[in-house]
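Taking it in order: structure first as structure tokens, then the write-up.
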Amino acid sequence: MKDGLVGLEIEERGDIVLAHVTGELDISGAPHAGERIAEAVPTSARGLVVDMSELDFIDSSGVAMLFGLVRRLSSRRQELRVVAPKGRPVARVLEIVEFQRAAPICVDVDAALAGID
Amino acid sequence: MRVQARSLAYLFIAGAALGLLTLVFPHGENVDDIALVVLAGVATLIAVAMWLWADRVRPWQLHAALASGTIILSLANYFVEATVIYPLMYTWTALFAFYFFRVEVALAHIALIAVSYAVVLIVVDPPSAVVRWLLAVGTPLIAGLLISRLLGQLRFGVHDAERRTRALQESEARTRLVLDGAPDAFVSLDRDGVIKAWNSAAERLFGWSASEAIGVPFRSLVTPEEFRERHDQRRMALIDTPEVVATQRYDAEFLRRDGTRFPADATVSKIEIKGEPFVSGFIRDVSERERRQQERETLLREQAARAEAERVAELVSGMQLLVDAALEHTRLDKMLEDLIMRVRGVLQADAATILLADEDERLSVAASSVPDATDGEEDERQEPIGLGEGFAGRVARAREAMLAHDPAPADLPDPALRRIEVDSLIGVPLLAENRVTGVLVAASVAPRRFSPEDLAVLRLAADRVALAIQHARIYEREHKIAVTLQRSMLLPPEDIPQPPGLRVAARYEPAATEADVGGDWYDVIPTPTGGLGLVMGDVAGKGLTAATMVSRLRAALRAYALEGHEPARVIEQLNRLVWNEGRDSQMATLIYMVVEPGESRVDWVNAGHPAPLLVNGTDSPHYLEGATSVPLGVLPFPSYETVTSSMEPGSSLVLFTDGLIERPGELIDDGMAKLAARVSEAPDDPEALCNYLLSTLVPRGGATDDVAILTLRNLPYSDRFRANFKAEPEALSQMRSLLRRWLRHGGASERTIAEVATACGEAATNAIEHSGAAHDFELSGRLVNDEIELIVRDHGRWRQPREGDHGRGLSLMRALMDTVELTPSPEGTTVRLRRRLESDGGSE
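Taken in order, these protein sequences are the chains called A and B.
In case it helps, our numbering puts the first sequence at residues 10 to 126.
In case it helps, our numbering puts the second sequence at residues 747 to 1590.
Below, the structure is given as structure tokens:
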């Protein structure tokens, strides 16, 4: 479904939650999207994969959303992986803010799922 | 015969008188007086007989009388022995004979005279030898000549008789032929009713041949059982009439040979042939005539029914006039004026008045039609009439139709009525939803009793008038709501969004004459991606129904548009709305176009609306045609297609409703060509363009139909731009769109565009966070020697970014741009970003 500029689809792959984020993620949609993703992750889940391979735009508020998720999940000992193919604007932004220090960035969903044990 | 008999009578009287006179005067002794008296007596008797039976005398009796006269004359000559006077009498009788009889009779009589006179002469006075010779030769000669002539005549007569017999036979044959060939059956019966004659028409009519019919009693052959008695009676009655000839005509029924019956018309005559009475008659089959008669009667009945139907139809059409009047007018006062005239017409009343009740059930004259009411004198104003006051008040209280004769002036419901001599009043209450909404009164000046029929008509009229008033009141209420609704739906010019890079203007010109609110509408909707949705629509119909549908369409369209659906899907949703919920097969045309800032294209879908006009760059205007689909509400699942047309910077779009291109008596194609021509010469600025189109295409004094125009200009790209945005998160997307478009035109790579948009977005996000929601921020850009410079200026105070989330914005800007300058001031903060176009920008 779509919420303003942001499209958000959440599915469960076993005990891993997979969130596909599409569209443009800025201050107008990011805080809300972050809330919704966080709520979709039960305490029983092992981890969360945020798929940003189809996301056209991200700014610091989107990045803030990701950091927020990292914080919430790590407090529950759940893992977070972000999917952002190299060469895309999103990957570039995540690189600049050195997001890989907080959570791994994967090239595709399969790699991300495989990374969570 | 009568004249001859009378003349003979005179002749004999004259002869008798002559004989008696001879006795009176001195005469010879040889005269036998007694014989002369006897002769005179005989002549007198014959004269008397001729006179008395002059009417019944037969021709032979006349001849005999004349001949006896000659004999008497000869005897008189003999007895008187005078041969001088009496020949005068001979001359007279001969002349008489010639005058009164046919020539042969006269000649025969003259021959008789010649013979008798010669005998008398010879007996009485033996003449001299010469005279005797003359008499002996002359008398036979004359007599012979006469007799031969007579014989010739007789021979002629014989020929004549033969000829006449032949003619008679021919005539009889002809008669038979005529009778035989007569179209009607000819039947002749004897006294006992046995058939004696039977023509071929009779054969055809009854089915019996002449040989079968003749000799058979008529009644047993063709008279139905139940009529046989009557047949006998009728026949005998006819035969027993004393008249020689008698004719009767009557309707009868006969049987054909095959047993079928038929009605007939019989003309029967009694004739006597050689003393034997016969009944003959013509019989005509009248089943055809009766059928025609029946048809005629049916026709007459139908005509009568039609006349009745026409009368009813006239009444109904009178009623229809009332209803039409009720429907024609949208304003109550106009409608009432028209209605009152028509009520007068239908009732043929001299005056009529409608009084309407207010909330307190007090009646006031709402419309009146009184003759000579225009003579300038002002009628006194009447206080509202309460229930039970005056004639109208009584009608209202009784809720019943009422009649009044010779009303008192105070009873008259309308002061105008006091100026005419009202003889009779008729009034009915106007009832709506069990409430008296008014009273309808008609007045007659001429002495007249309004009939129950008039009352029925007025009641019918009242029903319709009440309904019409109800409708008009509802309409007025609806009209007010519709106008309010419509006004609330059309964006006021100052509320039309003007995203950077686009300029929009709209106009709505209501029709000059229409009292009704039209279904034309437009809308300009900001899309989530910073673009604009342009809507131009026309809901079929007018008034509240149309306005309601417009408001629903508008709300739905805004909702779907904000969800970011592609235009064709939005239109499909709207079609479902109109199809499912539109009243009375409601229908709407609509065009929906989406223009994204930064994109040189327009995505559009057209549901049966007049094609919009696109002026692409410097090209001449052209209509976006070809992908027009059915209007909304026509099909349950029509297919709509989103069409993408290129729209370079500097292009204009003109959307409109048909009121702009339709002119009574003009072809739409002409209207469209005219519009294209006006647009091509119009100024670029959308506001100016709208004004130009209205001033050149809409007639002075207003259009005949509502006109809506929506114009958009995709501002041309330039090396510089400046745009204002609302300081709210939703503006970011718009800003990025504009920026991308500008950068693309400047030749930036996609990667550069994405990174500059991110950096600029960070600056703008800061500006939004620093400013209050009531403020704007400004983005301006310029391109100098392949270096772009972007300046974001806000009216808030720069806050030093804390470590963490917010600090990331600044580091992103720095990473993505070549230089970032922050200049806080009391009026606001300015962020200046620079980057060379060929540079990859930022560090890895």
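For every residue, glycine included, the Cβ atom is placed at its ideal position computed from N, Cα and C.
No experiment lies behind these values; they were computed from the predicted model shown.
Query raised in the report: Under three-state DSSP, which class holds B/Leu782?
Result: helix
Query raised in the report: Going by other Cβ atoms of all chains shown within 10 Å of its Cβ, with 16 needed for buried, is B/Gly1574 buried or exposed?
Result: buried
Query raised in the report: So, are the CB atoms of A/Gly77 and A/Leu34 less than 7 angstroms apart?
Result: no
Query raised in the report: What whole-angstrom Cβ distance do B/Glu1351 and B/Val1376 have, given they're in contact under 8 angstroms?
Result: Sequence inspection shows Val at residue 1351 of chain B; the Glu mentioned does not correspond to that position. About 12 angstroms separates the two Cβ atoms, so there is no contact after all.
Query raised in the report: Exposed or buried, A/Arg85, counting other C-beta atoms within 10 Å across all chains shown (16 or more means buried)?
Result: exposed
Report task. Go ahead and pull the three-state DSSP assignment for B/Tyr824. Result -> helix
Query raised in the report: Below 7 angstroms between beta carbons: does that hold for B/Pro1159 and B/Gly1136?
Result: yes
Report task. Examine chain A for any beta-carbon lying closer than 7 angstroms to the beta-carbon of B/Ser1479, and answer yes or no. Result -> yes
Query raised in the report: Nearest to B/Gly1283 by CA position, among B/Pro1117, B/Leu1163, B/Ser1366 and B/Asp1452, is which residue?
Result: B/Asp1452
**Report entry** 7 angstroms Cβ cut-off: residues of chain A touching B/Asp1476
**Finding:** Per the sequence shown, residue 1476 of chain B should be read as Glu rather than Asp. Going along chain A in sequence order, the residues near B/Glu1476 (Cβ under 7 angstroms) are Ser37.
**Report entry** A/Gly124 in three-state terms, based on DSSP
**Finding:** helix
Requested in this report: Please specify which runs of the alpha helix (DSSP H), each continuous and at least 4 residues long, are wholly inside the stretch 1274–1329 of chain B, giving them in chain order.
Outcome: 1289–1308 and 1313–1327
Query raised in the report: Given 8 angstroms as the limit, is there contact between the stretch 1357–1373 of chain B and the stretch 1403–1416 of chain B, that is, 3 or more CB pairs closer than that?
Result: no
Query - Buried versus exposed call for B/Gly1279 [16 or more other C-beta atoms within 10 Å across all chains shown] - result: buried
Query - Which listed residue (A/Ile67, A/Gly124 and A/Cys115) has its alpha carbon closest to that of A/Val106 - result: A/Ile67
Query raised in the report: Does DSSP classify A/Ile114 as helix, strand or coil?
Result: strand
Query raised in the report: Taking all protein chains shown into account, do 16 or more other C-beta atoms lie within 10 angstroms of the C-beta of B/Lys1020, making it buried, or fewer, making it exposed?
Result: exposed
Query raised in the report: Roughly how many angstroms lie between the CA atoms of B/Ser966 and B/Arg1042, to the nearest whole one?
Result: 35 angstroms
Query - Chain-ordered neighbours of A/Arg110 on chain B, where CB pairs are closer than 9 angstroms - result: Within 9 angstroms Cβ-Cβ: nothing; A/Arg110 doesn't reach chain B, min ~13 angstroms.
Query raised in the report: For the alpha helix (DSSP H) that contains B/Tyr716, what are its first and last residues?
Result: Coverage of chain B is limited to positions 747 through 1590, which leaves residue 716 of chain B absent and any answer about it impossible.
**Report entry** Of the residues B/Ala1112, B/Val1250, B/Tyr1254 and B/Pro1246, the one placed nearest B/Val1591, counting alpha carbons only
**Finding:** Given that chain B is displayed from residue 747 to residue 1590, the structure contains no residue 1591 of chain B and the question cannot be resolved.
Query raised in the report: Do the stretch 1500–1508 of chain B and the stretch 1403–1411 of chain B touch if we need at least three Cβ pairs shorter than 8 angstroms?
Result: no
Query raised in the report: Using 7 angstroms as the limit for Cβ to Cβ distance, is B/Gly1277 near chain A?
Result: no
Query raised in the report: Do the stretch 12–24 of chain A and the stretch 46–60 of chain A touch if we need at least three Cβ pairs shorter than 8 angstroms?
Result: yes
Report task. Taking 8 angstroms as the threshold, find out whether the stretch 1182–1196 of chain B comes into contact with the stretch 1211–1224 of chain B through three or more Cβ pairs. Result -> yes
Report task. Taking B/Arg1554 as the query, report the chain A residues whose CB atoms sit under 8 angstroms from its CB, ordered along the chain. Result -> Ser69, Val72, Ala73 and Val106
Query raised in the report: Is B/Gly1507 close to chain A, meaning its C-beta is less than 7 angstroms from at least one C-beta of that chain?
Result: yes
Query - Residue closest to B/Glu1387, alpha-carbon to alpha-carbon, out of B/Thr1403, B/Leu1201 and B/Gly1354 - result: B/Gly1354
Query raised in the report: In terms of residue numbering, what span does the alpha helix (DSSP H) encompassing B/Gln750 cover?
Result: Arg748 to Val770
Requested in this report: Helix, strand or coil for B/Phe842, going by three-state DSSP, please let me know.
Outcome: helix
Requested in this report: Could you work out which residue in A/Ala121, A/Val79, A/Ala112 and A/Glu63 is closest to A/Val99 when comparing CA atoms only?
Outcome: A/Glu63
Requested in this report: Out of B/Leu1201, B/Met982, B/Ile1166 and B/Arg1253, point me to the one whose CA is closest to B/Glu1433's CA.
Outcome: B/Arg1253
Requested in this report: Taking a Cβ distance cut-off of 8 angstroms, strictly less, list which residues of the stretch 85–102 of chain A are near chain B, in chain order.
Outcome: Pro98, Arg101 and Val102
Report task. Could you spell out where the alpha helix (DSSP H) holding B/Ser1366 opens and where it closes? Result -> Per DSSP, B/Ser1366 belongs to no alpha helix (DSSP H) and is neither H nor E.
Query raised in the report: Interface residues of chain A around B/Thr1511 at Cβ under 9 angstroms?
Result: Asp35, Ile36, Asp68, Ser69 and Ser70
Query raised in the report: DSSP puts B/Arg1554 in a beta bridge; with which residues?
Result: For B/Arg1554, which the question treats as bridged, DSSP gives no partner whatsoever.
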